[in-house]
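Enquirer: Residue numbers for the sequence shown follow this note's numbering, beginning at -4 and rising by one. Have a look at this one.
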Amino acid sequence: MKITKAVFSVIILYLIVFWFGPQDLQAQGKKATVTIAAAADLRFAMDSIIHLYPNKSDVQVIYGSSGKFFEQLTKGAPFDIYFSADMEYPKKLETMGRTGSEIYAYGIGRLVIWSKSKGIELNSVEDLSSDNLKKIAIANPRHAPYGMRAEESLKHYGVYEKVKPKLVFGENISQTAQFVSTGAADAGIIALSLALSPTMQKINSDFILIPENTHRPLLQGAIITQRAKENKEAKAFFEFVQSENAKAVLAYFGFRQL
-4 MKITKAVFSV IILYLIVFWF GPQDLQAQGK KATVTIAAAA DLRFAMDSII HLYPNKSDVQ
56 VIYGSSGKFF EQLTKGAPFD IYFSADMEYP KKLETMGRTG SEIYAYGIGR LVIWSKSKGI
116 ELNSVEDLSS DNLKKIAIAN PRHAPYGMRA EESLKHYGVY EKVKPKLVFG ENISQTAQFV
176 STGAADAGII ALSLALSPTM QKINSDFILI PENTHRPLLQ GAIITQRAKE NKEAKAFFEF
236 VQSENAKAVL AYFGFRQL
């Protein structure tokens, strides 16, 4: 996916803003008309997409675990668009009649091994079994797709049982990355999209890509919710996410486009 000069400039501007000062994505005094529930791996990509969106003040985004959002949506949570870190949760909502659009597969995520310390020797998943590593962070596999895939990869390499006592679980993949970036864990299996973020790159720009054939694909899907099927603003943003500019942003943050 080719990134145009204009899109690249917006991404860089967003990253500079993130580094040097917070910015409210909503205009002061204006209530958002579109509320998004987004998987935590989208934090930087989605914020950048919203910065590109002409009516950015219409949009409010909340980040968390895909599974927790799924549970909330089944109980009638007031979200207009749902971006999951997998396809399973959107498909379940579709089966339940709780979607207001077809499922849009917006990209394929990747797992990486990341550590705050540049002195730790990490070349593969198997190295996570080293006695030099006392705590290893992954997202909670009970409700976070990235955690499920991390567990699958550990089992693929035959190190899960040895690593299991050292595992610490983040509520979502963003919290998992926070555990590692603050040193609360020696290393972690996190999303490539977060490893490419300004925060993580500033600490350590090195990471190890985990082969995709060691776990189920992280094909990620989004839907308009049933409650928002007539929401014109939600439809407009959902269409914008499918534009070439939005796809370029997702590609920039490591999401492979279909």
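A virtual CB, placed ideally from N, CA and C, is assigned to each residue, including glycine. Quick caveat, the model's predicted, so the values are computed rather than measured.
Do isoleucine 115 and isoleucine 76 have their C-beta atoms closer together than 8 Å?
Expert: In the sequence shown, the residue the question calls residue 115 occupies position 120. In the sequence shown, the residue the question calls residue 76 occupies position 81. No. Outside cutoff.
Enquirer: Drop a sphere of 10 angstroms on the beta-carbon of glycine 142, count the other beta-carbons inside from all chains shown, and report buried for 16 or more, exposed for fewer.
Expert: Position 147 of the sequence shown, counting from 1, holds the residue named residue 142. Buried: at least 16 other Cβ atoms inside 10 Å.
Enquirer: Distance, Cα to Cα, lysine 161 vs isoleucine 168?
Expert: Position 166 of the sequence shown holds residue 161. Position 173 of the sequence shown holds residue 168. Going from the Cα of lysine 161 to the Cα of isoleucine 168 covers about 17 Å.
Enquirer: Which class does glycine 165 belong to by DSSP, given the choice of helix, strand or coil?
Expert: Here residue 165 refers to the residue found at position 170 when the sequence shown is read from its first residue. If DSSP states are grouped into helix, strand and coil, glycine 165 belongs with the strands.
Enquirer: How would you write the range of the alpha helix (DSSP H) that alanine 40 sits in, first residue to last?
Expert: By 1-based counting over the sequence shown, the position of residue 40 is 45. Residues 38 to 47.
Enquirer: Could you pull out every residue in the same chain whose Cβ sits closer than 8 Å to the Cβ of isoleucine 131, ignoring the five residues on either side in sequence?
Expert: For the purposes of this step, residue 131 is taken as residue 136 along the sequence shown, with counting starting at 1. Around isoleucine 131: Leu123, Val158, Lys161, Leu162, Val163, Ala180, Asp181, Ala182, Gly183 and Ile184.
Enquirer: Which parts of the region 111 to 148 are runs of the beta strand (DSSP E), unbroken and 3 residues or longer, counting only runs that do not cross its ends?
Expert: Whole beta strand (DSSP E) segments, 3+ residues: 131 to 134.
Enquirer: Using the rule of at least 16 other Cβ atoms within 10 Å of the residue's Cβ for burial, across every protein chain shown, is isoleucine 11 buried or exposed?
Expert: As a first step, residue 11 must be located in the sequence shown, where it is residue number 16. Because isoleucine 11 sits at a pLDDT of 44, beneath the cut-off of 50, its placement in the model cannot be relied upon, and the following sentence gives the value as read from the coordinates. Exposed: under 16 other Cβ atoms inside 10 Å.
Enquirer: Would you mind working out which of Pro85, Gly165, Ile103 and Gly178 sits nearest lysine 113, comparing C-alpha positions?
Expert: In the sequence shown, counting from the first residue as 1, residue 113 sits at position 118. Of the listed residues, the one whose Cα sits closest to lysine 113 is Gly178.
Enquirer: Can you list, in chain order, the residues of its chain whose CB lies under 6 Å from that of phenylalanine 65, leaving out five sequence neighbours each side?
Expert: Here residue 65 refers to the residue found at position 70 when the sequence shown is read from its first residue. Counting only Cβ-Cβ distances below 6 Å, and skipping sequence neighbours, we find Tyr84.
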